[in-house]
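S.K.: Please read through the structure below; I'll follow up with questions.
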Amino acid sequence: MMRRQILIVDDDPQVLDVLQRQLTGMGFEVAATVDPEDALARAASRRFDLALLDLRMDRMDGILLMEGIHARQPRLPVLIMTGHATIETAVDAVQRGAFDYLTKPFVREELRSKINRALSIRRWARDRERLLSVGQILASTGIMERVLDAVVQATVETIEAERCVVFQLDRGRLVPMASAGSPPPSWEALESAAALAMEKGVPTTTIGGEGRTMVAAPLVVQRGPAGALVIETPARVEPGEDDLELLALFSSQAAVAIRNTHELERLRSGALSALGRMATQVAHELRNPI
11 MMRRQILIVD
21 DDPQVLDVLQ
31 RQLTGMGFEV
41 AATVDPEDAL
51 ARAASRRFDL
61 ALLDLRMDRM
71 DGILLMEGIH
81 ARQPRLPVLI
91 MTGHATIETA
101 VDAVQRGAFD
111 YLTKPFVREE
121 LRSKINRALS
131 IRRWARDRER
141 LLSVGQILAS
151 TGIMERVLDA
161 VVQATVETIE
171 AERCVVFQLD
181 RGRLVPMASA
191 GSPPPSWEAL
201 ESAAALAMEK
211 GVPTTTIGGE
221 GRTMVAAPLV
231 VQRGPAGALV
241 IETPARVEPG
251 EDDLELLALF
261 SSQAAVAIRN
271 THELERLRSG
281 ALSALGRMAT
291 QVAHELRNPI
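If you count the sequence shown from 1, you need to add 10 to reach our numbering.
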C-alpha cells in the first residue's frame, strides 16, 4: 500500500510538531499547518485520506474548517481534536459530519486505533463503491472493452497500484486489452507475469525492476485461462492481503466479461450458421420447384 496522506491543523505549533512526529513514525505522509486557510488551499489542490483538526482555533474553529474541507473533499474522514472541557462540542461535531474526536493530551494507542478505524472504514466504502460500479457496467452492457476499462481503472484506484493491465489470450499470443495508470517501463515484464499466472492457474507474485512488485491473477473461463489481470506497485511497496482479495474480485469480473463475449460470439456463430443453412435450403427449393 502507498503511504496514507494525513492533514493536521492546529494553531499550537508544539501540538502540531508532536502529532507530526508521531504520525510520521507510524508510517503516514503528513501535511501539517497552523493556518486554517492554508489547510483549505491544500485540500483544494491534493487528495488526503484523513484530516485531524483542532476544535478551538483563533482564526477559524474546527467545525467551520471541517465544513470547508468537506466542500472540497466530501468523503474525507475528519477527527476533531479537543480538550476535556469541550467534549460536548466535539460530540456535536461528530453529529455534523466528523468521523470521531480525540481528546488532548493524546494517548498514543487511542490515536493509532481511531486513525486506523477511520482509514479502514473509508477504504471499505470506497472499495465497495468501485466494485458496485464495475458490477453495474458488467450487468448493463455486453461490450467487453467497456467492462475491462472499468476493471483496470477501479483496480488502480482501490489497490493504489502504479499500473494495471488486462491481457487476453488471442491465437496463442497475450494481447493487452485495457490498461490504467502510468505507462509501463517494460511491457515484456508484465506479459511474463501474466503468462506465469496462466501457467500456474493461481495468482502469482514476482519482483520487477527497481523493487516493484507485480501480481498477476489468471482470468479463468470454462475453457481454461483466457488471460490475466496484472498490477505493478510503486518501488518497495508490497500489496497486502486486502489488496490481493480485491485483485481476485476484479479479475473475476474481467473473466466474466470475457466469458460473456465468448458466449455471445458462439451464439452469433450458431445463428449465422443456421441462417446459412436456411438460405441454402430456400435457394435449392427455388431452383427445384415442386
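Here a beta-carbon is modelled for each residue, glycine too, at the ideal position from N, C-alpha and C. Note that the structure is predicted; figures quoted are calculated from it, not measured.
Among Val162, Arg181 and Glu167, which one has its Cα closest to the Cα of serine 175?
M.R.: Counting from 1 along the sequence shown, the entry for residue 175 is found at position 165. Correcting the residue type first, residue 175 is valine in the shown sequence and not serine. For valine 175, the nearest C-alpha among the options comes from Val162.
S.K.: Would you give the residue range spanned by the beta strand (DSSP E) that valine 44 belongs to?
M.R.: Start at 1 with the first residue of the sequence shown, and residue 44 comes out as number 34. Unbroken run through valine 44: none, as it is neither H nor E.
S.K.: Just curious, the beta strand (DSSP E) that valine 185 is in, first and last residue?
M.R.: The residue labelled residue 185 in the question sits at position 175 within the sequence shown. Counting along the chain, the beta strand (DSSP E) containing valine 185 begins and ends at 183-191.
S.K.: Am I right that isoleucine 16 and valine 40 are in contact with their C-beta atoms under 8 Å? What's the rounded C-beta distance?
M.R.: Here residue 16 corresponds to residue number 6 of the sequence shown, with the count starting at 1. Here residue 40 corresponds to residue number 30 of the sequence shown, with the count starting at 1. Right, their Cβ atoms sit about 5 Å apart.
S.K.: The alpha helix (DSSP H) that contains arginine 31, what's its start and end?
M.R.: Mapped onto the sequence shown, residue 31 falls at position 21. 23-35 is the span of the alpha helix (DSSP H), which, as asked, contains arginine 31.
S.K.: Where in the stretch 186-230 do unbroken runs of the beta strand (DSSP E), each at least 3 residues long, occur, reported from the N-terminal end onward?
M.R.: Listed in chain order, the complete beta strand (DSSP E) runs (minimum 3 residues) inside the stretch 186-230 are 214-217.
S.K.: Tell me, to the nearest whole angstrom, how far the beta carbon of glutamate 242 is from that of arginine 173; I am working on the premise that it is less than 8 Å.
M.R.: Sequence index remark: in the sequence shown, residue 242 carries index 232 (1-based). Sequence index remark: in the sequence shown, residue 173 carries index 163 (1-based). With 8 Å as the limit, glutamate 242 and arginine 173 qualify as a contact, their Cβ atoms being about 5 Å apart.
S.K.: For arginine 13, which of helix, strand or coil comes out of DSSP?
M.R.: Reading the sequence shown from its first residue, position 3 is the one you call residue 13. In this structure, arginine 13 counts as coil in the three-state DSSP scheme.
S.K.: According to DSSP, which residues form a beta bridge with glutamine 163?
M.R.: Here residue 163 corresponds to residue number 153 of the sequence shown, with the count starting at 1. Its beta-bridge partners do not exist; DSSP assigns none.
S.K.: Please go through the same chain and pick out, in chain order, the residues whose beta-carbon is closer than 6 Å to the beta-carbon of glutamate 275, but skip the five residues on each side of it.
M.R.: The residue given as residue 275 occupies position 265 in the sequence shown. Because glutamate 275 carries a pLDDT of 48, less than 50, the predicted location of this residue cannot be relied on, and the following value inherits that uncertainty. Nothing listed; no residue qualifies.
S.K.: Buried or exposed for glutamate 201, going by 16 or more other Cβ atoms inside 10 Å?
M.R.: As a working mapping, residue 201 is identified with position 191 in the sequence shown. It is buried - the Cβ of glutamate 201 has at least 16 other Cβ atoms within 10 Å.
S.K.: Using the Cβ count rule (16 or more neighbours within 10 Å means buried), how would you classify aspartate 48?
M.R.: Taking the first residue of the sequence shown as 1, we reach residue 48 at position 38. Exposed.
S.K.: Do the CB positions of leucine 121 and leucine 112 come within less than 8 Å of each other?
M.R.: For the purposes of this step, residue 121 is taken as the residue at position 111 of the sequence shown. For the purposes of this step, residue 112 is taken as the residue at position 102 of the sequence shown. The answer is yes: Cβ separation under 8 Å.
S.K.: Could you pull the DSSP bridge partners for leucine 89 from this structure?
M.R.: Counted from its first residue, the sequence shown places residue 89 at position 79. For leucine 89, which the question treats as bridged, DSSP gives the partners Leu62 and Asp110.
S.K.: Report yes if the C-beta distance between serine 106 and isoleucine 153 is below 8 Å; otherwise report no.
M.R.: As a working note, residue 106 is residue 96 in the sequence shown. As a working note, residue 153 is residue 143 in the sequence shown. The sequence as given places arginine at residue 106; serine does not occur at that position. Their beta carbons are not under 8 Å apart, which means arginine 106 does not touch isoleucine 153 by this criterion.
S.K.: Identify whether glutamate 251 lies in helix, strand or coil by the three-state DSSP scheme.
M.R.: Here residue 251 is taken as the residue at index 241 of the sequence shown, counted from 1. Residue state, collapsed to three classes: helix.
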